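Step one of this worksheet: look at the structure below.
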Amino acid sequence: MNKMKRRVMQTNFGRTIKRFLILTVCAVVLSGGISAFLLRTQIGEIASYVWQEEVRDEWQEGTLESDGLHGEDFWREEERTDLAKVITRPSAAAIAAACVTGVILLLAGAVYWLLVAAWLYQAAVLAKMHGMVWFLLGLCGNLAAVAVFLLLRSLIWKKCAECGSYQPVKAAYCAACGAGLTVKCPECGIVCEKDARYCRNCGKSLSEE
Ligand SMILES: [Zn+2]
Ligand SMILES: [Zn+2]
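If you're matching positions, the sequence shown starts at 21 in the working numbering and goes up one per residue.
Okay, here's the thing in structure tokens:
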């Protein structure tokens, strides 16, 4: 367990997620393409079935005059057929390819879900919050948990621009590196955030010219 935690803390999530996305897209395009190729007969059958049903509906609603291919009687008399009966049975290879694509999609979804929870764990530990609690919240709520986490973190902590550590919102100096986290307005003396460009009290520019 501790080994897992250490690994999560050492993970560069930006790079991991990029690799994961590239791998997933390649795998889905490849196996999805193979499935579509092996199922091309069935896809064609479904497309022509849907087209036929649409034309029939239009005939029955009286919105279609003539399709130019079949006479009026053809559509009137033709019984509605069951989709299952017009479709050719897919080959074993086609079924296998479709299953592999489904498994890849499921796996990718699971890995994505875990990656979000693991990122939450790392971000929570870095922000001196409960890593395991946020990991579990991430497993339950995924992106909703991320949104709540980011909001809470911004209420409690601010990031030191010099060393990147999280310091209490009201701190004047970074406890990790000693850098100033606030600036005093030279005009009115109010304390402003270090990255503020203008004083929020009097509007004076805080960036040195
Ligand atoms: Zn610092
Ligand atoms: Zn001011």
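Where a beta carbon is used, it is the ideal one built from N, C-alpha and C, also for glycine.
As the structure is a prediction and not an experimental result, all values here were calculated from the model.
- For Val-189, the three-state secondary structure derived from DSSP is coil.
- In this structure, DSSP gives Gly-122 a helical state, which the three-state scheme calls helix.
- Burial check for Ala-144: the Cβ neighbour count within 10 Å reaches 16 or more, so the residue is buried.
- Each of Leu-50, Lys-204, Ala-137 was checked against the Cα of Leu-156, and the nearest Cα belongs to Ala-137.
- Per DSSP, the continuous alpha helix (DSSP H) segment holding Cys-46 begins and ends at 33-58.
- Residues of the same chain with a CB within less than 8 Å of the CB of Ala-216, apart from the 5 flanking positions on each side, are Val-203, Leu-226 in chain order.
- In the DSSP assignment, Lys-23 falls within the unbroken alpha helix (DSSP H) covering 22-30.
- Those residues having their beta-carbon less than 5 Å away from any non-hydrogen atom of ligand 1 are, in chain order, Cys-180, Glu-182, Cys-183, Cys-194, Ala-196, Cys-197, Ala-199.
- In the DSSP assignment, the residues bridged to Val-203 are Cys-212.
- For Lys-179, the enclosing beta strand (DSSP E) starts and ends at 177-179.
- Taking 8 Å as the cut-off, the Cβ atoms of Tyr-69 and Leu-125 do not count as close.
- Pairwise C-beta distances place the stretch 43-57 in contact with the stretch 103-123, as three or more of them are shorter than 8 Å.
- In the three-state DSSP reduction, Ser-68 falls in the helix class (H, G or I).
- Its Cα nearest to that of Val-28, the residue Leu-146 stands out among Cys-197, Leu-146, Ala-181, Cys-222.
- For ligand 2, a non-hydrogen atom lies closer than 7 Å to the CB of Lys-224.
- Distance from the CA of Pro-110 to the CA of Ala-181, rounded to the nearest whole angstrom, comes to 60 Å.
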